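Counting in the numbering used here, the sequence shown runs from 1 upward without gaps.
Everything below concerns the one structure shown next.
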Amino acid sequence: MKKRLFNKKNGATAITGYEDHLIVNGLFAVLVVIVLLIRQNGHCLEVFLGMTYSTLLCSPDIDSSRARVYRNWWIFRIVWRPYTLMFKHQGNDWNFVFNTKRGIGHNLFLGTLFRIMYGSLLFLIVGCIFPKMMVWITDHYMAILYIILGIWLADGCHVLVDGLVHRN
Ligand SMILES: [Zn+2]
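Here it is in structure tokens:
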């Protein structure tokens, strides 16, 4: 699996490993959902949504314009372009737990925090156009917190896999 970090595809070097993250995060999400259901936690759906959002659209790899999660935004990927310019994918031990040779976006706490802050800014801009959306968010702040928990869990799983499998 280590060899899959970079892969020549259609003449261009594409970042791979997306499928690995999809499988591991998917299994982890199922495990989390089972635990929450056993504990009769009423916010199971929100945690699952957060994990799905992170895995498919906003994983730590969104700091690279070549990453699949970045391309998953389709034409809306443009909103993440400034983020890719601000945060470099390759870095030097910003992880502190694993040396994944990734930038600060792969830090277990700061990476998720920066993406949530960036995403919140985008929501704020959209919220100016649709004020009712902002009212809904303030009315459902607990759900938002559980979505953020799901994002953090999925990000943590991603960083763990990067540290254990994709280390080179
Ligand atoms: Zn990564």
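Just so it is clear, CB atoms sit at the ideal spot from N, CA and C, and this is done for glycine as well.
What you are looking at is a predicted structure, and each value in this text was computed from that prediction instead of being measured.
Name, in chain order, the residues that DSSP records as bridge partners for R102. Within the sequence shown, numbered from 1, the residue matching residue 102 stands at position 102. Bridge pairing for R102: Q90 [DSSP].
Alpha helix (DSSP H) segment containing V172, residue limits: Missing from the structure shown is residue 172; the chain here goes from 1 to 168 and no further.
For the alpha helix (DSSP H) containing G17, name the first residue and the last one. For this step, residue 17 is matched to residue 17 along the sequence shown. Where G17 is concerned, there is no enclosing alpha helix (DSSP H), given that its DSSP letter is neither H nor E.
With 16 other Cβ atoms within 10 Å as the buried cut-off, status of P131: Position 131 of the sequence shown holds residue 131. P131 sits exposed, since fewer than 16 C-beta atoms from the chains shown fall within 10 Å of its C-beta.
Top-ranked residue by Cα proximity to H21, from E46, Y53, V47, V35: Start at 1 with the first residue of the sequence shown, and residue 21 comes out as number 21. Y53 is the residue among E46, Y53, V47, V35 whose C-alpha sits nearest the C-alpha of H21.
With hydrogens ignored, establish whether the beta-carbon of R61 is closer than 7 angstroms to any heavy atom of ligand 1. As a position in the sequence shown, residue 61 is number 61, starting the count at 1. Looking at the sequence provided, one finds Asp at residue 61 rather than Arg. Answer for D61: yes, Cβ within range of ligand 1.
Once you ignore the five residues that flank G119 on each side, which residues in its own chain have a CB closer than 8 angstroms to its CB? Along the sequence shown, read from residue 1 onward, the residue named residue 119 stands at position 119. So the list reads C58, once near-sequence residues are dropped.
Excluding the five sequence neighbours on either side, which residues of its own chain have a C-beta within less than 6 angstroms of the C-beta of G127, listed in chain order? Taking the first residue of the sequence shown as 1, we reach residue 127 at position 127. Within the same chain, G127 has close Cβ partners M133, M134.
Mapping the DSSP letters down to three states, classify G227 as helix, strand or coil. Limits of the chain in this structure are 1 at one end and 168 at the other, which puts residue 227 out of reach.
From what residue to what residue does the alpha helix (DSSP H) around V79 run? Residue numbering aside, residue 79 sits at position 79 when the sequence shown is read from its first letter. That residue, V79, is in no alpha helix (DSSP H); it is neither H nor E in DSSP.
Going by other Cβ atoms of all chains shown within 10 Å of its Cβ, with 16 needed for buried, is L164 buried or exposed? The count along the sequence shown starts at 1 and reaches residue 164 at position 164. When all chains shown are included, L164 counts as exposed.
What do you reckon, are the CB atoms on V32 and V47 nearer than 8 angstroms? For the purposes of this step, residue 32 is identified with residue 32 of the sequence shown, where counting begins at 1. For the purposes of this step, residue 47 is identified with residue 47 of the sequence shown, where counting begins at 1. The beta carbons of V32 and V47 sit closer together than 8 angstroms.
Could you tell me the distance, in whole angstroms, from the CA atom of W136 to the CA atom of I148? In the sequence shown, the residue the question calls residue 136 occupies position 136. In the sequence shown, the residue the question calls residue 148 occupies position 148. Spanning the two alpha carbons is a distance of roughly 16 angstroms.
Span of the alpha helix (DSSP H) around R68: Taking the sequence shown and counting its residues from 1, the one referred to as residue 68 is at position 68. First-last of the alpha helix (DSSP H) with R68: 68-71.
What did DSSP end up calling N25 once you bin it into helix, strand or coil? Start at 1 with the first residue of the sequence shown, and residue 25 comes out as number 25. If DSSP states are grouped into helix, strand and coil, N25 belongs with the helices.
With a threshold of 8 angstroms on Cβ separation, who are the neighbours of N72 within its own chain once the five nearest residues in sequence on each side are excluded? What you label residue 72 is simply residue 72 of the sequence shown in a count that begins at 1. The beta carbon of N72 sits closer than 8 angstroms to those of L56, L57, all from its chain and outside the five residues before and after it, given in chain order.
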